[in-house]
Every structure is written in structure tokens, then in C-alpha cells.
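Following: one structure in C-alpha cells, then a few remarks.
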Amino acid sequence: MALTTENMHPISVREGKIFIDGVEVYDCVAYTVKSTPDVWTGRGLSEKSPSSRWLGVSHTGTITRRRATPFLDDMLKKYENTGRTPEFTIQGVANDKGSDYYQKHGTRTHTATGCVFTGDITRISLDAAGQVLDDVLTFNAKNVI
Numbered sequence: 004m005a006l007t008t009e010n011m012h013p014i015s016v017r018e019g020k021i022f023i024d025g026v027e028v029y030d031c032v033a034y035t036v037k038s039t040p041d042v043w044t045g046r047g048l049s050e051k052s053p054s055s056r057w058l059g060v061s062h063t064g065t066i067t068r069r070r071a072t073p074f075l076d077d078m079l080k081k082y083e084n085t086g087r088t089p090e091f092t093i094q095g096v097a098n099d100k101g102s103d104y105y106q107k108h109g110t111r112t113h114t115a116t117g118c119v120f121t122g123d124i125t126r127i128s129l130d131a132a133g134q135v136l137d138d139v140l141t142f143n144a145k146n147v148i
């Protein structure tokens with residue numbers, strides 16, 4: 004007898020992994036990558052509505068992680084010593100085997116290359132009322148494949 008279900012099974016965003024330069028980020032709690040088109044909009048003489056076209060695309064992302072390693076301090080020290088902008092490859096893998104998407108298409112993987120962190124990097128944080136240190140890292144990516 005075949006097992007049938009009546010409920011939808013959307014992708015759970017709790018199921019997945021993040022890798023930075025091939026190393027799994029075990030302390031990651033959230034990850035997002037977005038692509039935003041650079042849109043030209045204009046019209047010619049006698050046109051009632053404008054036309055639009057994409058001229059390019061920019062990729063941005065955010066990683067939220069619970070600090071468990073000196074990764075960020077090491078990255079900053081290396082930059083301060085060499086003056087070279089650190090670049091990373093960041094890969095997100097969504098693998099919710101219980102979802103309808105997985106049943107039809109399998110694992111979703113996006114790899115962002117040429118990633119450069121763009122926001123504040125907390126060096127130290129102490130707070131008597133706080134719980135744990137979460138780093139929220141924003142980045143730009145050159146490509147997403």
C-alpha cells in the first residue's frame with residue numbers, strides 16, 4: 004500500500020549547511036544570499052509607458068553565527084599585516100529531505116564567490132543581560148553559481 008499525504012511540505016529553512024572556503028561553519032544560525040538587478044528604465048518619444056532592462060546584477064548576503072572560533076580576529080589581523088582584502092567562497096546547501104522541493108529536485112546549493120565582508124565586525128562584546136555573542140556578517144559577492 005502506497006503512503007499518501009494530504010499536507011504540503013514546504014522547505015524548512017532549518018535544514019542546511021554553510022561552508023566558508025570549504026570549511027563547514029558549525030556555529031551558523033542563519034544565512035541569506037540575495038541578488039538585486041541593476042535596472043535601466045526609460046522611454047522614447049510617444050511611448051506611454053517606459054521600458055525596463057537589466058544591465059547587471061549585484062549579490063549581497065548575511066551570515067549570522069554564534070562565535071566559537073577566532074576566525075574573524077585572524078582575518079582582521081591578516082588584513083592589518085598584509086593590506087590585502089580578504090575574499091571568500093561561501094556555499095549554502097539546503098537539504099530538507101522531508102520537503103516537496105527535495106522530493107522533486109533534490110538538494111539546493113548556491114555558491115557565492117569573491118565574497119568580501121562589508122559591515123561591522125565585532126571585536127569583543129560583553130553584556131551582563133546578554134546571552135551569547137552572535138556575529139551578523141554582511142558581504143558582497145562577485146558571482147553566485
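Okay, so the sequence shown: first residue is 4 according to the numbering used here, each after it adds one.
We put the beta carbon where it would ideally sit given N, CA and C, even for glycine.
All values reported here derive from a predicted model rather than from experimental measurement.
Contact under 8 Å by Cβ, residue i with residue j
i    : j    : result
K81  : P89  : yes
D24  : R70  : no
H62  : S38  : yes
G122 : L136 : no
Outcome for residue i when other beta-carbon atoms lying within 10 angstroms are tallied against a minimum of 16
i   : result
Y34 : buried
V16 : exposed
D41 : exposed
G64 : buried
V28 : buried
C-alpha distance - residue i paired with residue j, whole-angstrom precision
i    : j    : result
D103 : G95  : 19 Å
R68  : K145 : 22 Å
A132 : C118 : 34 Å
D130 : D99  : 36 Å
A97  : H108 : 11 Å
V147 : I127 : 31 Å
S54  : L48  : 12 Å
W43  : L58  : 7 Å
Along the chain, which unbroken stretches of the beta strand (DSSP E) at least 3 residues long are found entirely within the region 19–88?
-> With a minimum length of 3 residues, the unbroken runs of beta strand (DSSP E) contained wholly in the region 19–88 fall at 19–23, 31–45 and 54–69.
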